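Novice: Please see the structure below; I have some questions.
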Amino acid sequence: MISVLIADDHNIVRDGLKRILAATPDLQVAGEAASGDAALALVKANDYDVVMLDMSMPGLSGIDLIKRLKVEKPKLRILVLSMHGESQYAARALKAGAAGYLNKDSAAEVLLGTLRKIAAGGVHIGEAAAAALLQSGKKPPHEILSDREFEVMRLLVEGLGPTEIGERLHLSVKTVSTHKTRILEKLRVGSTAELVRYALEHRLV
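To convert a position in the sequence shown, counted from 1, into this note's numbering, add 5.
Okay, structure coming up:
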């Protein structure tokens, strides 16, 4: 039996995933979390085969959460289940330690197949992400951002201010402001509004 932890801050998403897994004889929902901090606490206290993880949750989330989970349980298999564009986020997620990345609009059969593949030690990467990884030529500016800068950029685009971002990522407001300055410089934009426009154009939101 493959034990799965579902980590997503939307009740309706968790309920839907539980119903899908309940119809299978070999997959079992062994826990659920509505925030990154709750997911980390559960992983520390229990052993799961696979964690299905949303990229954007309250508290610790995204790349930072993936890295923390792998520090706690190096053998844990992580499947990122997200609405974010696969080609923009999958490579970073896999580099951080995830074993797979799947869009939330994927069919239930694809999800179940991916969970089994990952639990067995495999890696799942979709066609869009594979194409992005193989694509040659000049990289778009956002690909030169560090993982921390990428997380700060994502939260800025979501509308969070420096204080909220600092609390979310456990950083000082001054450090967040420094990251923001570097992000604007690297992406060659002059304001948060332009940053949001850049993110929309490159399908980062």
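By construction, the Cβ of each residue, glycine as well, lies at the ideal position given by its N, Cα and C atoms.
All of these numbers come straight from a predicted model, not from anything done at the bench.
Taking the C-alpha atoms as reference points, what is the distance between residue 14 and residue 66?
Specialist: Position 9 of the sequence shown, counting from 1, holds the residue named residue 14. Position 61 of the sequence shown, counting from 1, holds the residue named residue 66. Distance between the alpha carbons of residue 14 and residue 66: 11 Å.
Novice: Return helix, strand or coil for residue 157, following the three-state DSSP convention.
Specialist: Mapped onto the sequence shown, residue 157 falls at position 152. Of the three classes helix, strand and coil, the one that applies to residue 157 here is helix, per DSSP.
Novice: Given this structure, state the Cα-to-Cα distance separating residue 145 from residue 158, to the nearest angstrom.
Specialist: As a first step, residue 145 is located in the sequence shown; it is residue number 140 there, counting from the start. As a first step, residue 158 is located in the sequence shown; it is residue number 153 there, counting from the start. Each residue's alpha carbon lies about 15 Å from the other.
Novice: Restricting to runs no shorter than 3 residues, where is the beta strand (DSSP E) found entirely within the region 20–62?
Specialist: With a minimum length of 3 residues, the continuous beta strand (DSSP E) runs that stay inside the region 20–62 are 32–38 and 55–58.
Novice: Counting Cβ pairs closer than 8 Å, one from the region 59–73 and one from the region 154–170, do we hit at least three?
Specialist: yes
Novice: Is it the case that the Cβ atoms of residue 46 and residue 12 are separated by a distance below 7 Å?
Specialist: Within the sequence shown, numbered from 1, the residue matching residue 46 stands at position 41. Within the sequence shown, numbered from 1, the residue matching residue 12 stands at position 7. Not a contact, by the Cβ cut-off of 7 Å.
Novice: So, helix, strand or coil for residue 181, using DSSP?
Specialist: If you number the sequence shown from 1, residue 181 lands on position 176. Here residue 181 sits in helix by DSSP.
Novice: If we count the other Cβ atoms within 10 Å of its Cβ and call it buried at 16 or more, is residue 88 buried or exposed?
Specialist: Position 83 of the sequence shown, counted from the start, is the residue given in the question as residue 88. Its Cβ having fewer than 16 others within 10 Å, residue 88 is exposed.
Novice: State the Cα-Cα distance for the pair residue 181 and residue 166, rounded to the nearest angstrom.
Specialist: Indexing the sequence shown from 1 puts residue 181 at position 176. Indexing the sequence shown from 1 puts residue 166 at position 161. Distance between the alpha carbons of residue 181 and residue 166 is about 9 Å.
Novice: If we count the other Cβ atoms within 10 Å of its Cβ and call it buried at 16 or more, is residue 6 buried or exposed?
Specialist: On the sequence shown, position 1 is the one that residue 6 refers to. With fewer than 16 Cβ atoms within 10 Å of its Cβ, residue 6 is classed as exposed.
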